[in-house]
Every structure is written in structure tokens, then in C-alpha cells.
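For the sequence shown, position 90 (counting from the first letter as 1) is numbered 89 according to numbering that gives the first Met the number 0, and the numbering increases by one without interruption. C-beta: ideal position from N, C-alpha, C; glycine also.
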Amino acid sequence: MKTLNDNVSRRRFLQFGAYGLVAVPVVGALGWATAAQAATKVDENSDTAQALAYRHDAATVDHPAFVEGSNCANCLLYTDTGGDWGPCAVFPGQQVAAKGWCTAWVARS
Ligand code: SF4
């Protein structure tokens, strides 16, 4: 036999369940946006950047492997976002300058 308390508890449970169904995608979307916004620019002085001779400006590169005209914007590993900065597979979670360069440069075909 159901009591008034059982009905109230069930109603509250269903209410919170509905809130949860709405909250999960909203929080997920916010978290995704925050993560994308939080992508920091590569620090030229970081160990990885130094190892790859990464520079924000290819015009300042003085490296034997440098190919004239090469830069991040025309590198296969660069995800062009249409802006001055974008993701690179070599620096996950960070952004490199479109006019940057490093020794891992691979020409887009
Ligand atoms: S791998 Fe390509 S896109 Fe990434 S930093 Fe080096 S040159 Fe730029």
C-alpha cells in the first residue's frame, strides 16, 4: 500500500531525474567551451618548443631545416581555424601561431 510519503518521494525523484537529464548536456557544453577557450599559446621556452626550435614568427627562424615560405599555416599538422592561432598535433591542448614554425613542419599537399 502506497502512502503519501511514497508518492512525494517518487515525484521528487522524478523531478531531480529530469533536472539531471537537462543539466548533464548543459554542463558538458559549458565544459567543452571552457576547455576550448582555455587553450594556451605554446611557450617558446618550453622544453618541447625548444626541442623543435618552435618560433611564433617563422621570419625569425635561423635553422638549417627551415624551408623558405614554410610556416604553421601551410603545415599538415596545423588545424586552420581561420585566425592567427590554431591547434597543432605536436602541441596538444595548446595553440601555435599561424605564422609560426618548428622542425616538425610537414608540407600540406
Ligand atoms: S608541426 Fe607544423 S603547425 Fe605544428 S608548430 Fe610545427 S610547423 Fe607549426
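When every heavy atom of the ligand SF4 is checked, does at least one fall within less than 6 angstroms of the C-beta of residue i?
i    : result
G99  : yes
V60  : no
V104 : Going by the sequence as given, residue 104 is Trp instead of Val. The answer is yes for W104.
V95  : yes
V89  : yes
Going by other Cβ atoms of all chains shown within 10 Å of its Cβ, with 16 needed for buried, is residue i buried or exposed?
i    : result
N70  : buried
C49  : A quick correction: the sequence has Gln, not Cys, at residue 49. With fewer than 16 Cβ atoms within 10 Å of its Cβ, Q49 is classed as exposed.
A32  : In this prediction, A32 has a pLDDT of 46, which is less than 50 and means its spatial position is unreliable; what the coordinates show is noted afterwards. It is exposed - the Cβ of A32 has fewer than 16 other Cβ atoms within 10 Å.
L75  : exposed
H62  : exposed
A106 : exposed
A88  : exposed
S108 : exposed
V66  : exposed
A97  : buried
Y53  : buried
My assumption, with CB atoms under 8 angstroms, is that residue i sits in contact with residue j. Please give the rounded CB distance.
i    : j   : result
W84  : K40 : 6 angstroms
T102 : A64 : 5 angstroms
A38  : G92 : 6 angstroms
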